[in-house]
Amino acid sequence: MQVKLNVVVGAVAVLLSGTAMSQEVVKIGHVGPTSGQIAHLGKDNEMGARLAIEELNAKGVTIGGKKVKLELLAEDDAGDPKQGTAAAQKLVDAKVAGVVGHLNSGTSIPASKVYSDAGIPQISPSATNPKFTRNGYKTTFRVVADDVHLGGTLGKYAVNSLKGKSIAVIDDRTAYGQGVADEFEKGVKGAGGKVVGRQFTTDKATDFTAILTSLKSNKPDVVFFGGMDAVAGPMLRQMKQLGINAKFMGGDGICTGELPKLAAGTMADSQVYCAEAGGVEGEAKKSMDDFKAKFKTKFNADVQIYAPYVYDAVNVLVAAMVKAGSSDPAKYLPVLAKTTGYKGVTGTIAFDEKGDIKNGALTLYTYKGGNREQVAVVR
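All letters in the sequence shown, in the order written, are residues -22 to -1, 1 to 357 by mature numbering (1 follows the signal peptide of the UniProt record, and there is no 0).
Next comes the structure, spelled out in C-alpha cells:
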C-alpha cells in the first residue's frame, strides 16, 4: 500500500513539476532614468510597469493556448543617450518580447534604432519629440501626444488665456527641451504673440543668473522653459531672487508633484502653468483616480506623471500578444500596430500609421497651495 501511495505521490509530483516547467516566461523590458536628477520620474515609470506586470500575472495570461508568466526586466538609462542605447542592447540580448520606454526623447530616439534592428516593439510612455516616430521604424509607438500638439497648445494659451505680451523662452538643449520650446515659440507667433528673448542652458545646470538677468531687461510677463522639473525648480527660485514676477510655463517635464518642493516654496499661486501629454475627463476620469489610489496603496507614493501611461503601455503590449496568440515580436507586431479602441486608465488608445497615438489629449495644469490643479483637457 505504501509503495502504491509513493508511486501516486511521485507521479503527481512529476505532473506538477512538468506543468510548472512548461509555463512559458515572457520577458518585457522597461527603461527609464532611475538614477540622476530625474530619478523620481524614472522610478515612477518603473513602478507603473511593475504594477501592470503583477496584476496581469495575478489574473493569469494565456497566449496561444499556454498560460504564461510575465517577467519585467528593468534597466536604468540615467537620461543619457549613450547609456540608453546600451540598455536597449542589453534588453535585446536578453530576448525581451517588447519594451516600454524610454522616458526622455533624447534616449528614446537613439534606442528606437536598436529595437527596430532587432524587430522588437517599443512603446514610449512619455517621449514627445516628433522625430521619435518619424524615422519610419515599424516597431516604434507612443501613448502620448507629441510636442507639435503640446508646445503649440501652450504657446497659444500663453497669448490667448494668460494674455502674454512679452514672452521669453529658455530650453535645456535636449531633444525634448529644445523640441517643445521650438513648438511653443511657433504657437506664440501663430497666435500673434511676441517672443522677446530666447536663451538656453543644460539639463544639469544649477545657476541661471546670467540668462535670467539678460531676459529681465526685456521685462517678460511669461517665461517658458523647455526641460525637466529638476532644472525648473532652481530656475523658479532664482527668478524670485532677481525679482522676475512673470508667469512660468513648461511642458510635461515640469508638470510634476515634485516641482513645488524643487522650487522651495517660491511658487506663487497660479504662477506656473504646464501641460501633461495625455488626459482624461468625464467618466474616464474615474479610472485614472482609481489607478492613482491603487498606486498609492501599493507603493506608498503619489503618481508623479507617467506611471499610468507606462501601466497602459504594458497592458497594450500584452493585449496584442494575446490577440495574436504569440509573444513572438514578428507575429504580434502587426496586431499591435492595429491597436484601436483599447480602454486604458489614460483614455482610449489607438495608433496611427506612424505609431503615434490618435486624438492625443493634453491636460493643462496650474499650481495652488503647492498642489497641482487641472485647468482643462484639450484635444
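Idealized CB from N, CA, C, for every residue including glycine.
Exposed or buried, which one is residue i when buried takes at least 16 other CB atoms within 10 Å?
i	result
residue 66	buried
residue 357	exposed
residue 282	buried
residue 21	buried
residue 36	exposed
residue -2	Any reading at residue -2 needs caution, since the residue's pLDDT is 47, under 50, leaving its predicted position unreliable; the model's value is listed next. Residue -2 should be labelled exposed.
residue 257	buried
residue 247	exposed
residue 293	buried
Name the DSSP beta bridge partners of residue i, please?
i	result
residue 146	175 and 201
residue 349	346
residue 320	327
residue 10	54
residue 228	203 and 252
residue 356	340
residue 3	47
residue 180	Beta-bridge pairing links residue 180 to no other residue.
residue 41	44
May I ask whether a heavy atom of the ligand SAM can be found less than 8 Å away from the beta carbon of residue i?
i	result
residue 45	Summarising the ligand content, the structure contains no ligands, and the ligand SAM is consequently not present.
Grab the span of the beta strand (DSSP E) containing residue i for me, first residue to last.
i	result
residue 102	100 to 102
At which residues does the alpha helix (DSSP H) containing residue i begin and terminate?
i	result
residue 28	17 to 37
residue 370	For the chain, the structure presents residues -22 to 357; residue 370 sits outside this window and is missing.
residue 189	187 to 194
residue 365	The requested residue 365 is not part of the displayed model; the chain covers only -22 to 357.
residue 138	125 to 138
residue 310	307 to 315
| message | I want to know whether the region 111 to 122 touches the region 131 to 145 - three or more CB-CB distances under 8 Å. | response | no
> Which ranges would you report for the beta strand (DSSP E) in the region 234 to 291 if only whole runs of at least 3 residues count?
Replying inline: 250 to 254
message = Would the region 138 to 150 count as touching the region 51 to 65 if we require 3 or more Cβ pairs under 8 Å?
response = no
With contact counted as at least three CB pairs below 8 Å, one residue from each stretch, are the region 194 to 206 and the region 218 to 232 in contact?
-> yes
Exercise for review: Give, in chain order, every unbroken run of the beta strand (DSSP E) that is at least 3 residues long and sits entirely within the region 43 to 96.
Suggested key: 44 to 54 and 76 to 78
Query raised in the report: Does the region 68 to 77 come close enough to the region 324 to 342 to have 3 or more Cβ pairs within less than 8 Å?
Result: no
**Message:** Counting beta carbon pairs with one atom in the region 123 to 130 and one in the region 174 to 187, are three or more of them shorter than 8 Å?
**Reply:** no
Original post:
For the region 22 to 32 against the region 206 to 215, are there 3 or more C-beta pairs whose distance is under 8 Å?
Top reply: no
request  = Count the CB pairs spanning the region 81 to 96 and the region 338 to 353 that are closer than 8 Å, and state whether there are at least three.
outcome  = no
Practice item. Specify whether the region 6 to 18 and the region 269 to 276 touch according to this definition: at least 3 beta carbon pairs, one from each stretch, less than 8 Å apart. Key: no
| request: Count the CB pairs spanning the region 151 to 159 and the region 170 to 184 that are closer than 8 Å, and state whether there are at least three. | output: yes
Q) Is it true that the region 88 to 96 meets the region 56 to 70, where meeting means three or more beta-carbon pairs spaced less than 8 Å apart? A) yes
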